[in-house]
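Contents: one structure, followed by commentary.
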Amino acid sequence: MALSPYTLIIGTKSDDPFNVIPNAPYEIRHRDTATGASLGLANIFSDPAGLVPITQTGATVNDRGTVVFYAEAVPLNAEYNNGTSIVQPIDVGVSNQTLIDLGRVIPFDILQDAIDENNTAKIFNGAALNLKERTTGNGGGAMWDVVLASSVTPNTFNIVQCVGIPTLALVLRVQDSTIYSGSWGLVGGIDETLGLQTFLQSMIDNNYKATLEPKEYVTTSQLVSELVSERNFDLSCPIGRAVIRVDAVINRLIEMNECFSLRCENVDFDLNENCPMAISIRTTNANARDVQISFSKVTGCQQTTQSVSATAFFVLGPYDNINITDNNITSCDRVNPALFSQAIAVFGVTGICHIARNRIANVDSPSGSFDVDGVLVFGAQNGDATQLDAGKVTIEDNDFIDCKGRFVKSQHTDTTITNNRGTISDNAVLITNWRFADFQMGNGICTENTCLYGSGVTADGGGSVSPALARFANNKNVAPLKASICSDNTLKTETVWAQVVISDISNGHTSVKIQDNHFGQHNVMVLHTGDVGSFTEAYYSIHDNAIESKVQLFDVVSDQQWFNMFVGVTDNDNIDTQTGHFRQVFPLGGTFSLESNFVVRGNSRMIERVEWVFNFDRLTQGNAFQHGSQLNTGRPFSGEGHTVVDGLMMSDVPANALARWQRCIVDPNASTWSTWRSVVYS
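Mapped onto my numbering, the consecutive letters of the sequence shown carry residue numbers 13 to 694.
The following block contains the structure:
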């Protein structure tokens with residue numbers, strides 16, 4: 013009997029999609045010509061004459077590489093005996109046939125060709141397919157594995173039912189823990205809500221990285237709603253820009269209530285005024301890791317009928333690191349005045365929070381609203397008035413444009429706001445108490461920022477705006493001393509501001525240092541609020557500032573005895589040389605007293621006025637009052653000048669320079685002054 017030679021190639025473990033033992037054997041069996049099913053073991057031989065039979069025990073043909081055997085030219089199957097009965101038919105009467113090995117990849121042009129294939133020699137359980145494209149012209153080439161349809165649930169995206177062989181299905185192979193939108197079947201430009209949902213859910217369920225191709229994807233529903241389980245999220249577009257557009261009214265696009273870590277990179281969210289929130293994540297896990305949102309864009313962030321505040325990126329929880337960098341957020345608005353508008357909102361900071369190099373523009377709200385912020389950061393201890401917040405917040409190198417309320421609001425006890433630029437356009441409409449930086453918990457550093465404030469700016473409720481570059485507040489019982497710094501900032505204004513820095517002190521010990529700034533037109537550079545009895549001590553150091561001021565440097569609004577306050581105003585320079593303007597260190601009028609707790613000296617081109625009641629017997633060394641009127645227990649006069657010479661003589665030179673009023677220290681040891689007396693020049 014003449015036998016036909018066959019060549020069998022045994023696959024290795026790396027070729028085996030089922031990851032079985034690398035030398036699992038083939039068995040050669042007869043094949044039912046009607047059904048293709050395997051029947052009994054065939055008689056195979058190791059020689060062409062059929063003299064040396066091969067006894068098939070299920071483990072005979074088990075070497076890697078090439079095995080040659082001989083058998084009668086009848087319908088045969090090669091069955092891969094790994095417990096799943098992967099069957100491969102053998103053609104009849106073909107000499108020296110090389111059997112298709114499970115490790116061999118079968119090429120197809122598109123997925124539909126593979127689905128329609130009905131040749132069991134080509135599509136069989138365990139085969140590996142290589143698709144050139146998912147659909148013609150849309151890319152998405154990938155590897156697929158053939159499995160029994162009964163073992164999976166087809167969903168038309170990554171698990172697809174075969175048509176040509178209904179007992180089989182195709183499963184998208186995931187390599188390097190990364191899934192791709194193209195191979196998933198997402199083509200862009202049409203409503204692909206279900207495809208996007210399954211794509212992102214597979215990423216979350218399996219800890220994959222999800223990669224979008226640079227196309228516009230459309231959704232009409234929320235894409236992620238993970239409200240219980242602790243999960244990770246990783247979405248990016250490595251090349252070009254991927255855009256997700258929202259075409260129906262929804263509350264949130266991506267929402268995770270127990271998000272352990274998140275990375276979103278180079279993905280644009282066109283919320284299309286249908287959705288108020290692009291990303292909303294939370295965690296209660298004290299070991300939560302990192303949040304990274306970068307190189308992304310949000311437009312059309314709008315609250316209309318939803319009960320959700322307009323916030324492009326919302327993060328809440330004790331994450332180790334929060335980095336929101338290099339993003340562009342344009343247009344963030346709300347209809348409901350009871351809600352909020354914030355481009356970036358971070359709550360519960362306990363680790364490192366870094367918000368940098370973002371462009372944030374047009375954060376708006378209805379008339380009369382107050383909470384309208386470009387960036388908002390809260391610490392974890394806002395409900396506890398006795399603890400400092402953990403962690404550190406840095407907000408730097410951002411570009412803010414027309415944020416209606418505050419460019420930055422911080423309720424974290426250690427926040428640095430540095431090297432940002434903020435612009436308010438001409439004729440902008442703002443809240444009445446607009447702020448560049450609002451530090452509401454103390455220990456704030458505002459440095460090297462630039463604020464450009466246009467003309468014709470009005471308040472949303474009518475009237476004028478009372479803006480400030482920075483507000484430093486100490487309103488919680490937190491020890492030790494809270495120290496805030498405002499330095500090296502540039503403020504250019506087209507209108508006169510009421511004040512530049514507001515110090516709102518109603519608790520504990522506070523130090524505020526204001527130095528090396530260039531301030532534009534304003535009425536008061538530093539405005540103190542808070543009554544004498546509401547705090548323990550307050551220290552102000554105001555020095556080396558260049559000022560375009562029209563009234564005064566420091567203002568205390570209430571007439572009280574400020575024995576617990578120290579004020580130092582030194583070496584400031586008034587650079588406004590317009591005639592007819594008066595610049596003072598302290599306010600005109602008022603009867604408040606600092607006792608001897610002040611230093612005023614070295615201020616150039618500035619009238620150093622003293623207009624309060626104080627105990628002149630305790631005047632400290634180092635002050636150099638040159639001009640101004642004094643409401644003092646002594647000789648009252650107005651519009652004249654006085655000086656203190658050597659700490660032993662106080663003199664006043666009237667405007668006509670015909671006489672001098674003097675008084676000397678009667679007893680230097682007691683530091684008491686004599687009464688005023690007139691000296692007439694000869």
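Glycine included, each C-beta is placed from N, C-alpha and C at the ideal position.
Because the structure is a prediction, the values reported are computed rather than measured.
For this session: Would you kindly work out how many angstroms separate the C-alpha atoms of residue 511 and residue 534, rounded to a whole number?
Result: Indexing the sequence shown from 1 puts residue 511 at position 499. Indexing the sequence shown from 1 puts residue 534 at position 522. Going from the Cα of residue 511 to the Cα of residue 534 covers about 6 Å.
For this session: My understanding is that residue 437 touches residue 414, with C-beta atoms under 8 Å, so please give their C-beta distance in whole angstroms.
Result: Start at 1 with the first residue of the sequence shown, and residue 437 comes out as number 425. Start at 1 with the first residue of the sequence shown, and residue 414 comes out as number 402. Between residue 414 and residue 437 the Cβ distance is about 6 Å, and since that is below 8 Å, they are a contact.
Exercise. What's the C-alpha gap between residue 378 and residue 355?
Worked result: Position 366 of the sequence shown, counted from the first residue, corresponds to residue 378. Position 343 of the sequence shown, counted from the first residue, corresponds to residue 355. About 16 Å.
Exercise. Which class does residue 123 belong to by DSSP, given the choice of helix, strand or coil?
Worked result: Reading the sequence shown from its first residue, position 111 is the one you call residue 123. Looking at residue 123 - three-state DSSP - the assignment turns out to be helix.
For this session: Just mark residue 496 as buried or exposed, buried being the case when its beta carbon has 16 or more other beta carbons within 10 Å.
Result: As a working mapping, residue 496 is identified with position 484 in the sequence shown. Here residue 496 is buried: its Cβ has 16 or more other Cβ atoms, across all protein chains shown, within 10 Å.
For this session: With a 10 Å radius around its C-beta and 16 neighbouring C-beta atoms as the bar for buried, classify residue 617 as buried or exposed.
Result: Numbered from 1 along the sequence shown, position 605 holds the residue referred to as residue 617. Answer is exposed; the Cβ neighbour count stays below 16.
Exercise. Which residue from 343, 498, 504, 52 puts its Cα closest to that of residue 514?
Worked result: Position 502 of the sequence shown, counting from 1, holds the residue named residue 514. Taking only the C-alpha atoms, the option nearest residue 514 is 498.
Problem set entry | Residues sharing a beta bridge with residue 230, DSSP | The residue you call residue 230 lines up with position 218 of the sequence shown. For residue 230, which the question treats as bridged, DSSP gives the partners 203, 257.
Problem set entry | the stretch 307–326 contacting the stretch 284–298, beta-carbon criterion three pairs below 8 Å | Output reads yes: the stretch 284–298 touches the stretch 307–326.
Exercise. Is it the case that the Cβ atoms of residue 382 and residue 429 are separated by a distance below 8 Å?
Worked result: Taking the first residue of the sequence shown as position 1, residue 382 is located at position 370. Taking the first residue of the sequence shown as position 1, residue 429 is located at position 417. No; because the gap between Cβ atoms is not below 8 Å, this pair is not in contact.
Problem set entry | Three CB pairs or more closer than 8 Å across the stretch 217–230 and the stretch 244–257 | The stretch 217–230 is in contact with the stretch 244–257.
Exercise. How close, in whole Å, do the beta carbons of residue 164 and residue 204 come, if the pair is a contact with beta carbons under 8 Å?
Worked result: Start at 1 with the first residue of the sequence shown, and residue 164 comes out as number 152. Start at 1 with the first residue of the sequence shown, and residue 204 comes out as number 192. Cβ-Cβ separation between residue 164 and residue 204: approximately 22 Å, too far for a contact (criterion under 8 Å).
For this session: If I'm right that residue 132 touches residue 167 with Cβ under 8 Å, what's the distance once you round it to whole angstroms?
Result: Here residue 132 corresponds to residue number 120 of the sequence shown, with the count starting at 1. Here residue 167 corresponds to residue number 155 of the sequence shown, with the count starting at 1. Actually they are not in contact, since the Cβ atoms of residue 132 and residue 167 sit about 25 Å apart, beyond 8 Å.
Problem set entry | Same chain, Cβ closer than 8 Å to residue 129, five either side skipped, listed in chain order | Here residue 129 refers to the residue found at position 117 of the sequence shown. Excluding sequence neighbours, residue 129 sits near 120, 135, 174, 176, 177.
For this session: Give the straight-line distance between the Cα atoms of residue 347 and residue 419, rounded to the nearest whole angstrom.
Result: Here residue 347 corresponds to residue number 335 of the sequence shown, with the count starting at 1. Here residue 419 corresponds to residue number 407 of the sequence shown, with the count starting at 1. Counting only the Cα atoms, residue 419 lies some 20 Å from residue 347.
Problem set entry | Reduced DSSP category for residue 16 - H, G, I as helix; E, B as strand; rest coil | Counted from its first residue, the sequence shown places residue 16 at position 4. In the structure shown, residue 16 adopts extended strand secondary structure according to DSSP, grouped into three states.
Exercise. Does any heavy atom of the ligand NAP sit closer than 7 Å to the C-beta of residue 557?
Worked result: Among the components modelled here there is no ligand, and therefore nothing to report on the ligand NAP.
For this session: Please report how far the alpha carbon of residue 151 lies from the alpha carbon of residue 251, in whole angstroms.
Result: Along the sequence shown, one-based indexing puts residue 151 at 139. Along the sequence shown, one-based indexing puts residue 251 at 239. One C-alpha to the other measures close to 15 Å.
Problem set entry | One or two residues paired with residue 549 in a DSSP bridge | The residue you call residue 549 lines up with position 537 of the sequence shown. Beta-bridge pairing links residue 549 to 521.
Problem set entry | Classification of residue 139 by the beta-carbon crowding that lies within 10 angstroms, buried from 16 upward | For the purposes of this step, residue 139 is taken as residue 127 along the sequence shown, with counting starting at 1. Counting Cβ neighbours within 10 Å, residue 139 comes out buried, since at least 16 surround it.
Exercise. What is the DSSP secondary structure of residue 132, counted as helix, strand or coil?
Worked result: Taking the first residue of the sequence shown as position 1, residue 132 is located at position 120. Of the three classes helix, strand and coil, the one that applies to residue 132 here is coil, per DSSP.
Problem set entry | Option in 156, 388, 80 with minimal Cα separation from residue 172 | Stepping through the sequence shown from its first residue, residue 172 is reached at position 160. Looking from the CA of residue 172, the closest CA among 156, 388, 80 belongs to 156.
For this session: Closer than 7 Å by C-beta to residue 143: which residues in its own chain qualify, once you throw out the five before and the five after it? Chain order, please.
Result: Start at 1 with the first residue of the sequence shown, and residue 143 comes out as number 131. Excluding its 5 nearest sequence neighbours in each direction, residue 143 has C-beta neighbours in its own chain below 7 Å: 120, 122, 123, 126, 153, 154, 156, listed in chain order.
Problem set entry | Euclidean distance between Cα positions of residue 405 and residue 482 | Working through the sequence shown from its first residue, we reach residue 405 at position 393. Working through the sequence shown from its first residue, we reach residue 482 at position 470. Each residue's Cα considered, the two are about 17 Å apart.
Problem set entry | Residue from 296, 375, 367, 551 with nearest C-alpha to residue 312 | Indexing the sequence shown from 1 puts residue 312 at position 300. Measuring from the Cα of residue 312, the nearest candidate turns out to be 375.
Problem set entry | Local conformation of residue 453 per DSSP, three classes | The residue you call residue 453 lines up with position 441 of the sequence shown. Secondary structure at residue 453: coil, using DSSP grouped into helix, strand and coil.
Exercise. Between which two residues does the beta strand (DSSP E) containing residue 343 stretch?
Worked result: On the sequence shown, position 331 is the one that residue 343 refers to. DSSP places residue 343 inside the beta strand (DSSP E), whose first and last residues are 340–346.
Problem set entry | alpha helix (DSSP H) segment containing residue 194, residue limits | For the purposes of this step, residue 194 is identified with residue 182 of the sequence shown, where counting begins at 1. Element bounds for residue 194: 193–196.
For this session: Sort 480, 509, 567, 455 by Cα distance to residue 467 and report the nearest one.
Result: For this step, residue 467 is matched to residue 455 along the sequence shown. Across the set 480, 509, 567, 455, the C-alpha of 509 shows the shortest separation from the C-alpha of residue 467.
Problem set entry | Element boundaries [beta strand (DSSP E), containing residue 53] | The residue you call residue 53 lines up with position 41 of the sequence shown. The continuous beta strand (DSSP E) containing residue 53 extends over residues 50–53.
Problem set entry | Under 8 Å between C-beta atoms of residue 146 and residue 197 | Numbered from its first residue, the sequence shown carries residue 146 at position 134. Numbered from its first residue, the sequence shown carries residue 197 at position 185. Cβ distance < 8 Å, so residue 146 and residue 197 count as in contact.
Problem set entry | Secondary structure of residue 420, DSSP reduced to three states | Here the question's residue 420 lines up with position 408 in the sequence shown. Per DSSP, reduced to three states, the secondary structure at residue 420 is strand.
Exercise. Taking all protein chains shown into account, do 16 or more other C-beta atoms lie within 10 angstroms of the C-beta of residue 187, making it buried, or fewer, making it exposed?
Worked result: For the purposes of this step, residue 187 is taken as the residue at position 175 of the sequence shown. Residue 187 counts as exposed, since fewer than 16 other beta carbons sit within 10 angstroms of its beta carbon.
Problem set entry | Rounded Cβ spacing between residue 387 and residue 367 (contact assumed at less than 8 Å) | On the sequence shown, position 375 is the one that residue 387 refers to. On the sequence shown, position 355 is the one that residue 367 refers to. Cβ-Cβ separation between residue 387 and residue 367: approximately 6 Å, consistent with a contact (criterion under 8 Å).
For this session: Have a look at residue 240 and residue 334 and give me their C-alpha separation to the nearest angstrom.
Result: Along the sequence shown, read from residue 1 onward, the residue named residue 240 stands at position 228. Along the sequence shown, read from residue 1 onward, the residue named residue 334 stands at position 322. Looking at the two C-alpha atoms, the distance is approximately 21 Å.
Exercise. Which residues share a DSSP beta bridge with residue 495?
Worked result: On the sequence shown, position 483 is the one that residue 495 refers to. Secondary-structure assignment with DSSP links residue 495 through a beta bridge to 523.
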